[in-house]
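> This note's numbering numbers the first residue of the sequence shown as 1 and each following residue consecutively.
All C-beta atoms in this analysis are idealised placements derived from N, C-alpha and C, irrespective of residue type, glycine included.
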Amino acid sequence: MTEPGSTSTRTAATPSQSGSGSVSPAALAQVVADILAGRHPQRAAALATVVGRSGSAPQILGARMLVIPEGEGTRNLGTVGGGAIEHQVEQACRQVLRSGRSRVVSANLVRDLGMCCGGAMEVFVEFIQAQARLIIIGGGHVSQALGPMARTLGFEVLVLDDREDMLADPAFEGLERLPYDADELADAVPNLGANDFLVIVTRDHARDERALAQALELPHGYIGMIGSRRKVHTVLARVLRRYDERDRPRPDMGRLRAPVGLALGGRTPPEIALSICAELVAWRHGGEGKAMSIVEEAAARAGSVASSDD
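(1) Helix or strand or just coil, what does DSSP make of Leu61?
(2) Contact defined as beta carbons within less than 8 Å: I believe Arg75 pairs with Ile68. What is the distance between those atoms, to the nearest angstrom?
(3) Mind checking whether Val201 and Ser143 have CB atoms under 7 Å apart?
(4) Whole angstroms is fine: what's the gap from Glu176's alpha carbon to Arg151's?
(5) Consult DSSP for Met121 and reduce its assignment to one of helix, strand or coil.
(6) Where does Leu158 sit, in a helix, a strand or coil, going by DSSP?
(7) Could you please give me the residues that DSSP links to Thr49 through a beta bridge?
(8) Is DSSP giving Arg33 helix, strand or coil here?
(9) How would you write the range of the alpha helix (DSSP H) that Gly147 sits in, first residue to last?
(10) If you follow the alpha helix (DSSP H) that Glu173 is in, where does it begin and where does it stop?
(11) I want to see whether chain B comes within less than 7 Å of Val123, judged by CB atoms only; does it?
(12) Just verifying my parser: in three-state terms, what is the DSSP assignment at Met166?
(13) Is Gly19 buried or exposed, if buried means 16 or more other CB atoms sit within 10 Å of its CB?
(14) Should Thr152 be counted as a contact of the ligand HEM given a C-beta to heavy atom distance under 6 Å?
(15) Given that a residue counts as buried once 16 or more other Cβ atoms are within 10 Å of its Cβ, and exposed if not, what is Gly138?
(16) Please state whether DSSP places Glu297 in a helix, a strand or coil.
(17) Are Val80 and Val50 touching if we call contact CB-CB under 7 Å?
(18) Use the C-beta contact count for Glu208: other C-beta atoms within 10 angstroms, 16 or more gives buried, fewer gives exposed.
(19) Just to confirm before moving on: does the CB-CB distance between Phe197 and Leu280 stay below 7 Å?
(20) Per DSSP, what kind of secondary structure is Arg342 in: helix, strand or coil?
(21) Hey, out of Gln88, His141, Leu153, whose CA is closest to Asp330's CA?
(22) Measuring CB atoms only, is the segment 182 to 197 touching the segment 240 to 251, in the sense that at least three cross pairs come out at less than 8 Å?
(23) Can you check whether the CB of Pro179 is closer than 7 Å to the CB of Glu156?
The structure is reproduced here in structure tokens:
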């Protein structure tokens, strides 16, 4: 089930030319727009733009090259001049794709790169990505509170559940919904990436375990699973035991938060949803999730100032 006007179709026409310079500026701009809107199979890319030049630099101001992840490598659209400078910029783009942080590349084409054309160039390499996406696996009460709340925080929200009657709940109005079971994540969302957040809140422990086992195999930035401490110990032990029994390296557990959410003390579905959203926001912005109050510090300082005034 997909809400009318939602973005369940995530394919977009992209230039098929293999040459980096064979795409028009308009076509490149369309690909950038599709990535930002979540319509492209890839949800992130590195966009290189010539922002400074002098002498006989090989490209004009504003020339752009887009580097998109593709399989184990990348694909280029557009050009910033070819040769050694383009190779250097391409390497910078790959670094930006890994780090998620934009940067500037400056080079003297003769002194630094040995190019005979001379001159100098400055290229801004920008990390671009679609809106952060929250994929909620499970359509129960917590999900019904979490989806709308996350949307107000700027997340694109997708809800997965094999029960279409649950997906039809009015709480999900305006959200994208797809009828997939807990262990069908790879089929439901084939273009997962570092800007995707997964929260597992299914209707039973077995489904949570199946969802987690598959999620750990897929690329994304964050996984959260609801449950008691006992449940988390049990599920993780069973999932990780399968890796050990098959002599496979364990997956990156640094992405996993279980039980999901910050310790706010609430127990109702909206309170649990709030604790999950608080953790999602902290994760996105590198926050610690601690209280910001400085009352004790301010009161102590006020007391010392009063004493010095005496």
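With the given structure in hand:
(1) coil
(2) 5 Å
(3) yes
(4) 11 Å
(5) strand
(6) strand
(7) Arg64, Phe124
(8) Here the sequence assigns Ala to residue 33, which means Arg is not the residue at that position. Correct three-state label for Ala33: helix.
(9) 141 to 152
(10) Counting along the chain, Glu173 falls outside any alpha helix (DSSP H), and DSSP gives it neither H nor E.
(11) In the structure shown, chain B does not exist; there is a single protein chain.
(12) helix
(13) At Gly19 the pLDDT is 46, less than 50, meaning the model places this residue with poor confidence; the figure from the coordinates comes in the next sentence. The residue in question, Gly19, is exposed, as its Cβ has fewer than 16 Cβ neighbours within 10 Å.
(14) No copy of the ligand HEM appears in this structure; indeed no ligand is present at all.
(15) buried
(16) helix
(17) yes
(18) Note that residue 208 is Asp in the sequence shown, not Glu. With 16 or more other Cβ atoms within 10 Å, it is buried.
(19) yes
(20) Any answer about residue 342 is impossible in this case: the structure gives the chain only from 1 up to 310.
(21) Since the first residue of the chain shown is 1 and the last is 310, residue 330 is not available in this structure.
(22) no
(23) no
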